[in-house]
Amino acid sequence: MTERLTIGIDIGGTNLRFGVFRGHECLDSIRHAVDLRDKCAAAADPETAAQLFTGLLETGIAQLRHQYPEAARVGVAVPGFVNARGILLQSPNIPQLINFDLQSSVQQACQLPVFVENDANAAGYGEFWEEKQDTPELRDLLYVGLGTGVGGGWVHENRPWRGEHGTAMEIGHLIVVPGGRRCGCGNQGCLEQYASARGIRSSYVELTGTGPDTAVIAQLADEGRPEATQVFQMAGDYLGQALAHILKVADVRVVRVGGGVSAAWDYFAPAMLQRLDADLIPALRGQVEVKRGNDDDLAGMRGVALLTEQELHLD
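Under the working numbering, the letters of the sequence shown match residues 23 to 337, in that order.
Here is the structure:
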């Protein structure tokens, strides 16, 4: 019988990652550097932006299928609000894509069954799978993804919790600064505007008038530059504030923080943990394990590949 492989796609703000999986095992992967926000913003209209978006995914899928013709299904992890039918209702980081039937569009392009999941849910599931190898009794995990935006995923009773409309755990859009910076979701003062890569850069611009990449700001923090240290502490403080509110509702013991910004863990984590401890209710203090994620580069691809395999049963 022909082996059934799954292609898992993790869509980031500045890159597309494609992996081919046999179960949890990643056989191969490729990465395309592309700023989707800028690419789609340059499109003449939303329909053209959707076609461009689909075309980029189709290209990566075709590359892997050429090497792995056994690939039988595709899982897509996308930033934004995704309903049960695979429709991208809104993506604050790619605002041109509204009510976009991503599942049907990719399915038509590649002629394979397709499953679509929110990117943080997928990465959270990937982290959950990793943790479960050492802790088989684990049933719940809260994931925070710090990248171009801020995403959240809650694996509850071994499955991602999506909510009624596909917008559960959008923690990046919790308001931490009332009347603060305008967010792509339409509100002001969202966590995403302060704790994401773009948010940290915005804070640095406000302090210094210059806006280097977040990785450069991390290097400056390593050199002891006070402005760089300050913006990471600010990000950590707001993140700890948001996490405390989430945990009062969800009561999850295991929290993992991933995404590209998690590489700067040493610069923002102390402020995050201090604020979290201060804002938690006494009953939860000392009961929550918050750590940097295990596998932030593979987590999204692996998570969506595993979920796709479970959702799309092939004979």
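Beta carbons: idealized from backbone N, C-alpha and C, even for Gly. Since we're looking at a predicted model, the values are computed, not measured.
query, result
"For His54, name the three-state secondary structure that DSSP assigns.", "strand"
"Output the distance between the C-alpha atoms of Gln112 and Gly102, rounded to the nearest integer angstrom.", "6 Å"
"Name the DSSP beta bridge partners of Val177, please?", "Leu163, Pro182"
"Tell me whether the region 219-236 and the region 272-291 touch, counting them as touching only if at least three CB pairs, one residue from each stretch, are closer than 8 Å.", "yes"
"Count Cβ pairs between the region 146-165 and the region 116-126 that sit closer than 8 Å; are there 3 or more?", "no"
"What number of angstroms, rounded off, separates the C-alpha of Ala72 from the C-alpha of Gln296?", "42 Å"
"Enumerate in chain order the residues of its own chain whose CB-to-CB distance from Gly188 is below 6 Å, with the five nearest sequence positions on each side excluded.", "Phe103, Val104, Asn105"
"At the level of alpha carbons, what is the spacing between Gly325 and Arg87?", "20 Å"
"How long is the line joining the alpha carbons of Gly97 and Trp183, rounded to whole angstroms?", "17 Å"
"Can you tell me which of Cys212, Gly194, Ile193, Glu192 puts its alpha carbon nearest to the alpha carbon of Gly201?", "Cys212"
"What residue range is occupied by the uninterrupted alpha helix (DSSP H) comprising Ile239?", "236-244"
"Just to check my reading of the structure: Leu334 and Arg95 have Cβ atoms closer than 8 Å, yes? What is that Cβ distance to the nearest angstrom?", "5 Å"
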